[in-house]
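Chains as they are written, first to last, in the numbering used here: chain G, 2 to 179; chain R, -4 to 145. Note that CB positions come from ideal geometry on N, CA and C, so glycine has one too.
Below is the structure:
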């Protein structure tokens, strides 16, 4: 889920940058240091939207660097257990398939795929294919690289700087979408 | 401080229980503003603009933003995102639906109240008729966006 969150970041500025453009410098350093990072606590920090407050720089008596505490608003992405998301399939193998949801990779295991979708080892590219039913049911479904899929995140694990997630499509209204 | 089943005080190393079904997102995100995919795509176009003009962003940052921007433009279903998402947020009666539920409904766009309740289990207490009316209004907005000159 994408959130708009207010975060703080501390930057230590070397005296060589104490000039007229120090604010621009600080902003640039903020973007460089914070955008694209991922943490277990806030998820993926995707982009800084607004800088709310730069604060007064405090000179560190030991190092001579000035410490600024910057308050900013950013778009963050954090997956939550039981949340339904859409994504694009990137890899398919006999154990399951990987789905890319924004910056995050979600793995859907074989066991979380409904029984009517089976891995077809002879398919090229590799795919999960549904057997054709003879009722008035829909056309054969296919999951291969590039398919749009709706899945439910059933578990997440957070590392220091990475998030891993697993998902399931074994429910109504989940699975490949047009 | 009411203790609830799914909220634990953060102790060293202990992970907090989070569960979207009961709207528990942990200390950091409970009550935080949620965004629909279409809203994010609007914000990211500005961010990408800024990156290309102002800074030679680190490869990591541009990778993540690029991926997210592509994802949002693929799955953000509103062409005229700014006005349409504002209209959609105005559809909801204030106070009844949580931030998460509003954002999920605007992102997933279920076609019926039944589908909505299955995809977003925290909605199971809401009135079906009201939910149906809301969903139909959202579908109409999606279909006719940009043509009314709003």
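Taking the C-alpha atoms as reference points, what is the distance between residue 29 of chain G and residue 11 of chain G?
-> 13 Å
Return helix, strand or coil for residue 73 of chain R, following the three-state DSSP convention.
-> coil
Taking a Cβ distance cut-off of 8 Å, strictly less, list which residues of the stretch 99 to 115 of chain G are near chain R, in chain order.
-> 101, 102, 103 and 104
Consider the Cβ of residue 146 of chain R: report whether some Cβ of chain G lies at a distance smaller than 9 Å.
-> Here chain R comprises residues numbered -4 to 145, so residue 146 of chain R is not present and cannot be evaluated.
Quick one: is residue 145 of chain R buried, meaning 16 or more other Cβ sit within 10 Å of its Cβ, or exposed?
-> The pLDDT assigned to residue 145 of chain R is 39, lower than 50, so where the model puts this residue is not dependable; a value taken from the coordinates is nonetheless given after this. Counting Cβ neighbours within 10 Å, residue 145 of chain R comes out exposed, since fewer than 16 surround it.
When DSSP builds the beta bridges, which residues end up paired with residue 50 of chain G?
-> Partner(s): none; residue 50 of chain G has no beta bridge.
Does the beta carbon of residue 15 of chain R come closer than 9 Å to any beta carbon on chain G?
-> yes
If we ignore side chains and look at the alpha-carbon of each, how far apart do residue 158 of chain G and residue 164 of chain G end up?
-> 6 Å
Residue 73 of chain R burial status per 10 Å Cβ neighbour count (16 or more: buried) = buried
Closer than 9 Å at the beta carbon, the chain G residues around residue 58 of chain R = 37 and 104
List the endpoints of the continuous alpha helix (DSSP H) containing residue 97 of chain R.
-> 94 to 103
From what residue to what residue does the alpha helix (DSSP H) around residue 96 of chain G run?
-> That residue, residue 96 of chain G, is in no alpha helix (DSSP H); it is neither H nor E in DSSP.
Tell me whether the beta-carbon of residue 154 of chain G lies closer than 9 Å to the beta-carbon of residue 82 of chain G.
-> yes
If you run the structure through DSSP and keep just helix, strand and coil, what is residue 37 of chain R?
-> helix
Exposure label - residue 151 of chain G; buried when at least 16 CB within 10 Å | buried
Coarse secondary structure for residue 83 of chain R, derived from DSSP in three states | helix
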